[in-house]
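*Asks:* One structure, as structure tokens, below. Some questions next.
Structure below.
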């Protein structure tokens, strides 16, 4: 939702605390912008108290000689600050609130007279003061990512509150263009803050404090008007007109940077999974629009959730704080034969409470899913060699049994564990055999099992979805017998499960193992593990696997690691992510979805259903009505939904056609 216009320079004004002069300094900025012949828009999203004391009314009252260029507006007005328990106040959701702010900004940008204009969005209170819904302002306004002006605190303790506010803004990705504060001659906070912020590339500007408020309204107006005249005068060296010039420079610099980024990227960057030979000009990367009243920043739907990593949304505040917490406490320290709380807590909860509960005894932490798979393969190769007594030459010829269409990452070992395919190249040597697996789908509202033709007829139709997922009840069926004939029982002795995509609540369960009725010897977790904030992977292993590497020689150990193994920042983020996921799993939205699927199935079907940890295993956050309607579309061959995942196949034979149709709207 980020907004950047050629014709409208927008800044958001935060205060280091309440009563720091935010409205006075914002009013002065409005007046100074108008004095430089700019159309000026002032927005106070939320105002409380009597109308005559409202901040937008103050801006209008002291707009100065160029008041015709000033437009002040308020979106939500209340008689008093919202109190807990107030029943008669209709409070907009965070999404509705921030959408209304963004819509008003776009409206101002599209004003036909705004060839060159400025806009100031003034927040209320301090940076962590709550909004209407109770969310702190920092988190509520964050989707806009507007350039920020921070009004510092000139009073006793103001140095601390100003720096604290700045760090809170920075932790959430805000860019502070300027710090303003009153020049209090007693505390002289600016003398400390100027060099502090100069080191961080932020200019601190000071303004004389306002005169005391006069009891007589007429006299007060005259005194206040004189004050605004003084601090916005062009003769005031280093005054607010200089601040306006600085803010204009920052705005123009952003636009210049944005326009230059596509070509600079093509000149220097080597993208993964991109054929650069197909990119012919700088317009191929996402580039800005030419219209001055249209935002140069265009929102796109992250269709792949940034390659299936974004668990809680981009840059969730709790995860950014976890990263900062661990970075500040630990930085990075070596992990082998050492321990620290984030890594230990993560290992213990995954083994004893999480997906490893009941079968795993150890957690091997690495850097990403592909590396986690390399580790899992090394574990499996060692165990198989010991178990079956393979000679050294036989060990070199070992391969894997897998599923067609599988993908484990792009490192050489992980690639070699996959069949030949479109990504095969000179360094790929497929080592193994890959079965074509059955799949589950829904078409025209009826669930079915699609079985490879070598095993059974193409589709086994008509069974309830809950029965299909009830593995224990299906072990005695003719279809299970067909599976057994197709796959020798000996091939099931040792198993690696790869829940990189499906694990940790992605399918609505902490682990899919109970649903499958099979527990692994080795299991790999990544992607969702850190909520999409940082790379990290954990390979869980059973005690038998761990013991296969025990010995008296170091060469018998699992000799795999990297410089940032089990780095504290990633582990702390992972622990916070697991906390958030556990909260979601217990939350109202998940319970409501489970109730909806329960109502859809009916009591008879539910009697056949698998129950995991007391919860129904077969449910989805996608409503059963939506899944049913989607399955009945002619263009849809089949659809399946479980937990957070919705998957569907289209009937179009040209798979590229769907990609070409979707790519303008989604980041795929």
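In the working numbering, the protein residues as written are 2 to 669. Built from N, CA and C at the ideal position, the CB exists for glycine as well. No experiment lies behind these values; they were computed from the predicted model shown.
#1: So residue 17 and residue 217 are in contact, right, with Cβ under 8 Å, and what is the actual spacing, rounded?
#2: Which residue comes first and which comes last in the beta strand (DSSP E) that contains residue 422?
#3: Give the secondary structure of residue 298 by DSSP, where H, G and I count as helix, E and B as strand, and everything else as coil.
#4: Can you give me the start and stop residues for the alpha helix (DSSP H) that residue 396 sits inside?
#5: Is DSSP giving residue 1 helix, strand or coil here?
#6: By how many angstroms is the C-alpha of residue 12 removed from the C-alpha of residue 436?
#7: Using CA atoms only, rank isn't needed, just tell me which of 418, 294, 265 is closest to residue 398.
#8: Going by DSSP, what residue range makes up the beta strand (DSSP E) through residue 641?
#9: Determine the burial state of residue 36: buried for a count of at least 16 other Cβ atoms within 10 Å of its Cβ, exposed for fewer.
#10: Check residue 554 in the structure and name its three-state DSSP category.
#11: Identify the continuous alpha helix (DSSP H) that holds residue 361 and give its terminal residues.
#12: With respect to the alpha helix (DSSP H) encompassing residue 253, which residues constitute its N-terminal and C-terminal limits?
#13: CB-CB under 6 Å to residue 348, same chain, minus the five flanking residues each way: which ones, in chain order?
#14: Roughly how many angstroms lie between the CA atoms of residue 209 and residue 100, to the nearest whole one?
#15: What does the Cβ neighbour count give for residue 491, buried or exposed, with the cut at 16 atoms within 10 Å?
#16: Any contact between the region 573-582 and the region 385-394? By contact I mean 3 or more CB pairs, one from each, below 8 Å.
#17: Just verifying my parser: in three-state terms, what is the DSSP assignment at residue 8?
#18: So for residue 289, helix, strand or coil by DSSP?
#19: Using CA coordinates, which residue listed in 441, 316, 481 is at the minimum distance from residue 465?
#20: By DSSP, does residue 39 sit in helix, in strand, or in coil?
#21: Whole angstroms are fine: how far does the CA of residue 206 sit from the CA of residue 185?
#22: Under three-state DSSP, which class holds residue 649?
#23: Is DSSP giving residue 335 helix, strand or coil here?
#24: Let me confirm a value: residue 192 is counted as buried when at least 16 other C-beta atoms fall within 10 Å, else exposed. Which label applies?
#25: List the residues that DSSP assigns as beta-bridge partners of residue 120.
#26: Grouping DSSP H, G and I as helix and E and B as strand, with all else coil, what is residue 72?
#27: Could you tell me the alpha carbon to alpha carbon distance between residue 296 and residue 5, rounded to whole angstroms?
#28: Rounded to whole angstroms, what is the Cα-Cα separation between residue 289 and residue 260?
#29: Residues in its own chain within less than 6 Å of residue 431 by CB, not counting five upstream and five downstream?
#30: Residue 402 lies in the alpha helix (DSSP H); which residues open and close that run?
*Replies:* The short version:
#1: Actually they are not in contact, since the Cβ atoms of residue 17 and residue 217 sit about 32 Å apart, beyond 8 Å.
#2: Per DSSP, residue 422 belongs to no beta strand (DSSP E) and is neither H nor E.
#3: coil
#4: 393-396
#5: The structure shown does not extend to residue 1, since the chain is modelled only from 2 to 669, so the question has no answer here.
#6: 58 Å
#7: 418
#8: 637-643
#9: buried
#10: coil
#11: Note, residue 361: premise wrong, no alpha helix (DSSP H); beta strand (DSSP E) at 361-367.
#12: 241-269
#13: 364
#14: 36 Å
#15: With a pLDDT of only 40 at residue 491, under 50, the local geometry of the prediction cannot be trusted, and no value is derived from it.
#16: no
#17: coil
#18: Since pLDDT at residue 289 reaches only 49, below the 50 mark, its modelled position is unreliable, and no value is offered.
#19: 441
#20: coil
#21: 12 Å
#22: strand
#23: coil
#24: exposed
#25: 11, 42
#26: strand
#27: 5 Å
#28: The pLDDT assigned to residue 289 is 49, lower than 50, so where the model puts this residue is not dependable; a value taken from the coordinates is nonetheless given after this. Using only the alpha carbons, I get a separation of about 7 Å.
#29: 420, 421
#30: Looking at the DSSP string, residue 402 is not in any alpha helix (DSSP H); the run it does join, the beta strand (DSSP E), is 401-404.
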